[in-house]
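To get our numbering, take the position in the sequence shown, counting from 1, and add 51. Here's the structure we're looking at; comments come further down.
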Amino acid sequence: MDAIRARPDLHLPDDESLASAIVSSLLETALRQGVVPLALRAGAGWRAIGADGDGEPYVFEYLVPLPGAIQNSFRGEILLTAFAPFWAAVERGQVVHRSSRRFDDASLIDAAAGLGAFVVLVAESP
């Protein structure tokens with residue numbers, strides 16, 4: 052992880068904000084994996100990407116592994132773990148993971164509203 056953090060330019064573009072760069076990379080990965088439809092939202096200091104399952108209730112979890120049995124897409128997990136000052140996942144109106152207590156559940160759910168069944172929110176600072 053230290054080696055990855057030492058060279059962020061290998062993983063993320065340096066011409067946009069950190070949250071925007073991470074969400075853009077997650078978007079590219081999701082599109083390659085055939086996750087549709089996708090929605091994006093930006094707020095003051097945060098970006099979010101959301102998706103609906105389209106027949107498979109947990110299809111977007113392949114992009115960002117959560118604690119438990121579901122895991123895939125090493126790249127998405129590494130980007131969030133190595134570079135996101137804060138990130139959270141909201142599934143069907145419930146916060147299922149957060150990297151810290153930066154936002155309360157109500158704020159996260161409000162930010163995720165209308166973005167789909169599964170949403171990843173990335174914030175600029177903890």
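Note that beta-carbon positions come from the ideal geometry of N, C-alpha and C, so glycine has one too.
- A residue is called buried when at least 16 other Cβ atoms come within 10 angstroms of its Cβ; Val87 does not meet this threshold and is exposed.
- Note on geometry: alpha-carbon atoms of Val147 and Val171 lie some 10 Å from one another.
- Contact fails between the region 71 to 81 and the region 143 to 159, because fewer than three Cβ pairs, one in each stretch, are under 8 Å apart.
- Under the three-state reduction of DSSP, Gly127 is assigned to helix.
- Arg152 is classed as exposed because its beta carbon has fewer than 16 other beta carbons within 10 Å across all chains shown.
- The criterion of a C-beta distance shorter than 9 Å is not satisfied by Pro64 and Ala133.
- In the DSSP annotation of this structure, Arg58 is not part of any alpha helix (DSSP H), being labelled neither H nor E.
- Straight-line spacing of the CA atoms in Asp156 and Ser76 works out to 25 Å.
- The C-alpha of Thr80 is placed about 22 Å away from the C-alpha of Gly94.
- At a cut-off of 4 residues, not a single continuous stretch assigned as alpha helix (DSSP H) sits fully inside the region 70 to 100.
- When secondary structure is reduced to three states using DSSP, Phe154 falls in the coil class, being assigned neither helix nor strand.
- Asp103 and Asp66 have their C-alpha atoms roughly 30 Å apart.
- Taken atom to atom, the span from the alpha-carbon of Ser176 to that of Phe169 is near 22 Å.
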